[in-house]
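> Let me begin by handing over the structure; questions about it come next.
Protein chains in written order, with this note's numbering: chain A, 2 to 102; chain S, 24 to 185.
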């Protein structure tokens with residue numbers, strides 16, 4: 002009756018792989034951002050799964066800390082993206098190559 | 024019954040996550056991300072983490088997703104035609120991701136996980152609060168300082184002439 006831990010972690014792995022795919026293949030900075038959120042969510046899901054099946058609440062505290070980090074990351078990252086757009090009029094990461102030459 | 028609920032929520036989560044990544048319209052991606060975040064919150068409830076599920080809805084759906092939508096509105100013309108750029112190393116990257124997925128699946132399925140069946144707690148809020156303010160007090164304080172730093176940094180970065 003009870004869903005085994007393997008299934009929760011496999012689901013988390015699937016979410017994480019989708020996030021990695023997005024980061025590698027999309028060229029829009031904001032899509033990459035959303036993919037990073039997907040990966041963070043996958044890790045949180047695995048942590049909550051461990052916390053549930055190992056009968057310890059510590060994992061949920063970790064999830065809480067990761068969520069705080071994600072919020073800070075989004076605030077700073079979006080500020081960077083908007084500053085970038087103001088200077089270059091694009092958020093396509095292929096066109097942002099100031100350091101390349 | 025519980026099994027079917029779990030797989031239903033899991034299917035919604037994974038399908039909308041794939042939609043986030045594969046879709047070409049940014050706003051649709053953001054809406055799909057909303058469903059993914061809701062699905063993950065549902066899975067948290069399923070895994071007896073009610074407080075974390077509430078925080079997920081407040082922080083991710085109420086905060087991060089709204090910020091991302093603001094970012095989309097500020098950096099894109101909604102009706103603009105989006106050209107999908109082909110990556111040169113697409114084949115290599117795809118192979119690496121598939122390899123990663125299969126390899127980790129094998130590891131996960133071969134590991135003998137501990138499956139404890141404890142009694143379902145009435146609420147996890149009290150336990151999380153006690154841990155946060157006693158065992159994990161230092162990380163809690165450090166992360167509040169980090170949030171303050173992020174706040175100041177974001178405000179500085181997005182000024183007109185930094």
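We put the beta carbon where it would ideally sit given N, CA and C, even for glycine.
Please tell me whether residue 155(S) and residue 62(A) are closer than 8 Å, where the distance is taken between their beta carbons.
Here residue 155(S) refers to the residue found at position 132 of the second chain. Here residue 62(A) refers to the residue found at position 61 of the first chain. In contact: residue 155(S) and residue 62(A) (Cβ atoms closer than 8 Å).
> For residue 47(S), name the three-state secondary structure that DSSP assigns.
Numbered from its first residue, the second chain carries residue 47(S) at position 24. Of the three classes helix, strand and coil, the one that applies to residue 47(S) here is coil, per DSSP.
> From residue 90(S) to residue 34(A), what distance separates their C-alpha atoms?
What you label residue 90(S) is simply residue 67 of the second chain in a count that begins at 1. What you label residue 34(A) is simply residue 33 of the first chain in a count that begins at 1. Residue 90(S) and residue 34(A): Cα-Cα distance of roughly 11 Å.
> With DSSP as the reference, label residue 98(A) as helix, strand or coil.
Your numbering for residue 98(A) matches position 97 in the first chain. Under the three-state reduction of DSSP output, residue 98(A) falls in the coil class, being neither helix nor strand.
> Using 8 Å as the Cβ pair cut-off and three pairs as the minimum, do the stretch 57-76 of chain A and the stretch 158-167 of chain S touch?
yes
> Taking 7 Å as the cut-off, does the CB of residue 92(S) come closer than this to any heavy atom belonging to the ligand COA?
Although the ligand COA was asked about, the structure shown includes no ligands whatsoever.
> Report the partner residues of residue 93(A) according to the DSSP bridge assignment.
Within the first chain, residue 93(A) is the residue found at index 92, counting from 1. Answer is 29(A), bridged to residue 93(A).
> Out of curiosity, what's the CA-to-CA distance linking residue 78(A) and residue 126(S)?
Here the question's residue 78(A) lines up with position 77 in the first chain. Here the question's residue 126(S) lines up with position 103 in the second chain. Cα to Cα, residue 78(A) sits roughly 32 Å from residue 126(S).
> Is there contact between the stretch 30-45 of chain A and the stretch 130-144 of chain S, where contact requires at least three CB pairs shorter than 8 Å?
no
> Use the C-beta contact count for residue 93(S): other C-beta atoms within 10 angstroms, 16 or more gives buried, fewer gives exposed.
Sequence index remark: in the second chain, residue 93(S) carries index 70 (1-based). Flag for residue 93(S) reads exposed.
> Which term fits residue 3(A), buried or exposed, when burial requires 16 or more other beta carbons within 10 angstroms of its beta carbon?
Numbered from 1 along the first chain, position 2 holds the residue referred to as residue 3(A). Exposed, since its Cβ has fewer than 16 Cβ neighbours within 10 Å.
> With 16 as the cutoff for other CB atoms within 10 Å, does residue 58(A) come out buried or exposed?
Mapped onto the first chain, residue 58(A) falls at position 57. Label assigned to residue 58(A): buried.
> Does residue 98(A) pass the burial test, meaning 16 or more other C-beta atoms within 10 Å, or should it be called exposed?
Counted from its first residue, the first chain places residue 98(A) at position 97. Exposed, by the Cβ-count rule.
> Report yes if the CB atom of residue 19(A) is closer than 8 Å to the CB atom of residue 39(A), and no otherwise.
Within the first chain, the letter at position 18 stands for residue 19(A). Within the first chain, the letter at position 38 stands for residue 39(A). Yes, the pair counts as a contact, with Cβ atoms nearer than the cut-off.
> Just to make sure I have the definition right: I need the residues of chain S whose C-beta is within less than 7 Å of the C-beta of residue 88(A). Which are they?
Here residue 88(A) corresponds to residue number 87 of the first chain, with the count starting at 1. What residue 88(A) touches in chain S: nothing, since even the nearest Cβ is about 11 Å away.
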